[in-house]
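Novice:
Numbering (the numbering used here), first residue to last: 210 to 595.
1) Just the C-alpha distance for residue 594 and residue 469, rounded to the nearest angstrom, thanks.
2) Can you give the Cα-Cα distance for residue 472 and residue 545, rounded to whole angstroms?
3) Assign residue 553 to buried or exposed, taking buried as 16 or more other Cβ atoms, counted over all protein chains shown, within 10 Å of its Cβ.
4) Tell me whether residue 330 is buried or exposed, calling it buried when 16 or more other Cβ atoms sit within 10 Å of its Cβ.
5) Closest by CA to residue 539, which one among 355, 474, 571?
6) Which word fits residue 590, buried or exposed, when buried means at least 16 other C-beta atoms lie within 10 angstroms of its C-beta?
7) Could you compute how far the alpha carbon of residue 214 sits from the alpha carbon of residue 507?
8) If I measure Cβ to Cβ from residue 605 and keep anything under 8 Å in the same chain, skipping five residues before and after, which residues do I get?
9) Identify which residue in 488, 388, 288 has its Cα closest to the Cα of residue 441.
10) Can you give me the Cβ contacts of residue 308 inside the same chain, cut-off strictly under 7 Å, excluding the 5 residues immediately before and after it?
11) Can you confirm whether the segment 242-254 touches the segment 277-290 when touching is taken to mean that 3 or more C-beta pairs between the two stretches lie within less than 8 Å?
12) Using a Cβ-Cβ cut-off of 6 Å (strictly less than) and excluding sequence neighbours within five positions of residue 529, which residues of its own chain qualify?
13) Between the Cα of residue 180 and those of 537, 367, 535, 575, spot the shortest distance and give me the residue it belongs to.
14) Looking at the structure shown, is residue 511 part of a helix, part of a strand, or coil, going by DSSP?
15) Could you check which residue in 485, 283, 356, 516 has the C-alpha nearest to that of residue 386?
16) Please give the ranges of any alpha helix (DSSP H) in the segment 445-479, keeping only runs that are unbroken, at least 4 residues long and fully inside the region.
17) Report the start-end ranges of each alpha helix (DSSP H) in the segment 232-260 that is 4 residues or longer and not cut off at the edges.
18) Give the single residue among 555, 511, 482, 513 whose Cα lies nearest to the Cα of residue 525.
19) When you compare the segment 288-303 with the segment 388-400, are there three or more beta-carbon pairs, one atom per stretch, that lie closer than 8 Å?
20) From residue 583 to residue 592, what does the alpha carbon distance come to, in whole angstroms?
21) Buried or exposed for residue 280, going by 16 or more other Cβ atoms inside 10 Å?
22) Would residue 403 pass as a contact of residue 239 if the rule is Cβ separation under 8 Å?
23) Assuming residue 450 and residue 492 are in contact, meaning their beta carbons sit under 8 Å apart, how far apart are those beta carbons, in whole angstroms?
24) Which value, in whole angstroms, describes the spacing of the CA atoms of residue 587 and residue 354?
25) On a CA-only basis, which of 226, 503, 294 is nearest residue 247? Give me that one, please.
26) Could you give the distance in angstroms between the alpha-carbon of residue 571 and the alpha-carbon of residue 557?
27) Considering just the uninterrupted stretch of the alpha helix (DSSP H) at residue 591, what are its terminal residues?
28) What residue range is occupied by the uninterrupted beta strand (DSSP E) comprising residue 305?
29) So with Cβ pairs under 8 Å, would you call residue 405 a contact of chain D?
30) Between the alpha carbons of residue 512 and residue 503, how many angstroms are there, rounded?
31) Report the rounded CA-to-CA distance for residue 445 versus residue 393, giving the unit in angstroms.
32) Is the beta carbon of residue 367 sitting closer than 8 Å to the one on residue 306?
33) Between residue 453 and residue 495, is the Cβ-Cβ spacing less than 8 Å?
34) Compare the Cα-Cα distances from residue 518 to each of 228, 237, 258, 224 and report the closest residue.
35) By the DSSP assignment, the beta strand (DSSP E) with residue 553 in it spans what residues?
36) Tell me, which residues are paired with residue 413 by DSSP?
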């Protein structure tokens with residue numbers, strides 16, 4: 210839970226996020242949860258990711274694979290190098306989207322510099338980061354490596370030739386705003402949950418459906434259309450069953466696919482595949498709040514003080530990428546992905562890094578089903594040379 214000291218330290222900015230949300234609700238009525246999430250996380254004055262200090266790991270609100278140790282980055286560096294080697298000679302780019310504090314970028318550049326200086330000589334490292342504050346944090350983490358890095362705020366700022374190499378996002382898409390939909394068993398249809406004020410806090414309310422709301426409207430917003438569920442499943446789907454949809458994540462993936470001229474598009478994140486999108490046993494959805502390593506479903510509490518996430522619909526992303534001309538290479542658990550990379554690394558002539566106790570423990574944490582191995586999924590798509 211959020212400590213009193215942390216509340217005191219960040220109450221001013223938390224108030225800014227909450228005040229912005231309350232003003233919007235007062236002006237226009239209840240807002241979609243997607244808008245609430247966007248303001249709670251990204252508002253320039255009080256958003257969670259705009260706080261001056263937002264550490265990861267033991268002192269932060271949650272762990273990521275990067276926090277486990279450098280072994281994760283060394284494995285990624287090896288795989289990225291393999292993918293770049295498959296391309297013809299010439300410049301290549303690694304584009305990291307949402308680089309958070311810059312630690313992954315720093316570790317990747319260090320690993321590649323030590324083991325693949327030949328690749329680094331023709332490689333550019335790009336970071337897509339809209340936040341000025343986070344760019345400052347990334348520059349601080351990168352230190353002397355900043356000369357190897359170029360920053361961009363939007364896809365439109367990238368060179369016209371696009372990216373030839375690897376575009377990747379590690380735990381980015383789960384923090385993109387989601388619309389929350391509930392199942393009305395009596396009406397046998399879906400409705401959208403919105404957010405309204407409730408005393409000094411916020412509460413859930415059903416949003417009024419616009420005229421003619423149907424599956425086609427959801428598709429027009431950029432989300433994957435609702436699956437045509439069999440009648441026997443609809444008959445047992447619990448009342449209030451919750452599903453999140455992220456038009457923002459799908460639009461992001463489509464944009465990334467379009468700027469990838471040749472190479473790989475990769476995401477590592479919490480999520481599920483197309484056949485797992487609707488499951489009767491998952492009645493409450495996947496939206497969660499993280500604060501001081503405490504996970505909660507109270508996502509409307511303390512906007513700006515806690516991280517908000519929802520599982521990534523990798524089925525929707527895969528379909529979006531294929532619609533943009535990409536081919537799906539793999540959709541696997543993080544455990545399977547990293548194990549395959551490790552096997553390739555062991556099979557190469559390159560001297561294998563010492564298999565120390567620390568590396569063994571890091572690999573176990575990254576791949577164990579009870580840690581990060583099963584919950585995290587990896588989607589890999591490719592655009593071949595034109």
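Quick reminder that beta carbons are idealized off the backbone N, C-alpha and C, glycines included.
Specialist: According to the structure data:
1) 10 Å
2) 21 Å
3) exposed
4) exposed
5) 474
6) buried
7) The predicted position of residue 214 is uncertain, since its pLDDT is 48 and thus under 50; no value can be drawn from it.
8) Only positions 210 to 595 of the chain appear in the structure, and residue 605 is not among them; the question remains open.
9) 488
10) 314, 336, 338, 347
11) no
12) 459, 462, 463
13) Since the first residue of the chain shown is 210 and the last is 595, residue 180 is not available in this structure.
14) coil
15) 516
16) 456-468
17) 242-251
18) 482
19) no
20) 27 Å
21) buried
22) yes
23) 5 Å
24) 28 Å
25) 226
26) 21 Å
27) Careful: residue 591 lies outside any alpha helix (DSSP H), inside the beta strand (DSSP E) at 585-592.
28) 301-306
29) Any reference to chain D falls outside this structure, which holds one protein chain only.
30) 15 Å
31) 12 Å
32) no
33) yes
34) 258
35) Here residue 553 belongs to no beta strand (DSSP E); instead the alpha helix (DSSP H) covers 543-556.
36) 404
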